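Taking this note's numbering, I'd label the letters of the sequence shown as residues 40 to 151.
No residue lacks a Cβ here, since even glycine has one placed at the ideal position from N, Cα and C.
If you're wondering where the values come from, they're calculated on a predicted model, not measured in any experiment.
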Amino acid sequence: MANTGELAEYLYSHSKEDLEKEGLASINKRLRPHLEVLGGLIAEGIDSTKEWAKRLCGKAPSFKVLSRLESSELQSYCQGADDGEMDQVRQLVETVKVNKKKKKKAPRRSAR
């Protein structure tokens, strides 16, 4: 990987299991929470060098933080994004919220 954006997209697009198989579990654990939103934006084809994208990634780098933003906060951070970009950001937020609900409903494995 040549830069932060490429790493963010790689972590975003690969499952935890895939990263463990590749020996990247520790990198995933340490860096993924700081790069999730950046990876999601890049994967959606959004130019992460735009000021609004930088602002959003700085204020809400992880999906956990992104999912907790009020609508007004999201609008404020994304000021300057065009309608198509905002649609993609909203879709990312919805995907995060749906996945969060799925995780809560999934049965947990007991530790041995």
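For this session: Could you round the C-beta distance between residue 87 and residue 44 to whole angstroms and report it? I think they count as a contact, below 8 Å.
Result: 6 Å
Problem set entry | residue 84 classed as buried or exposed, judged by whether at least 16 other C-beta atoms fall within 10 angstroms | exposed
Problem set entry | Presumed contact (8 Å Cβ cut-off) between residue 95 and residue 76, rounded CB distance | 6 Å
Exercise. Is DSSP giving residue 96 helix, strand or coil here?
Worked result: helix
Exercise. From which residue to which residue does the alpha helix (DSSP H) around residue 89 run?
Worked result: Segment: none, residue 89 is in no alpha helix (DSSP H) and carries neither H nor E.
For this session: Would you please state the rounded distance, in angstroms, between the beta carbons of residue 72 and residue 101? I believe it to be under 8 Å.
Result: 4 Å
Exercise. Secondary structure at residue 109, three-state DSSP: helix, strand or coil?
Worked result: coil
Exercise. Which two residues bound the contiguous alpha helix (DSSP H) that contains residue 131?
Worked result: 122-144
Problem set entry | Selection from 57, 115, 128 that minimises the alpha carbon distance to residue 79 | 128
Exercise. With respect to the alpha helix (DSSP H) encompassing residue 52, which residues constitute its N-terminal and C-terminal limits?
Worked result: 43-52
For this session: Mind checking which residues open and close the alpha helix (DSSP H) that includes residue 101?
Result: It is not in any alpha helix (DSSP H) - residue 101 carries neither H nor E in the DSSP assignment.
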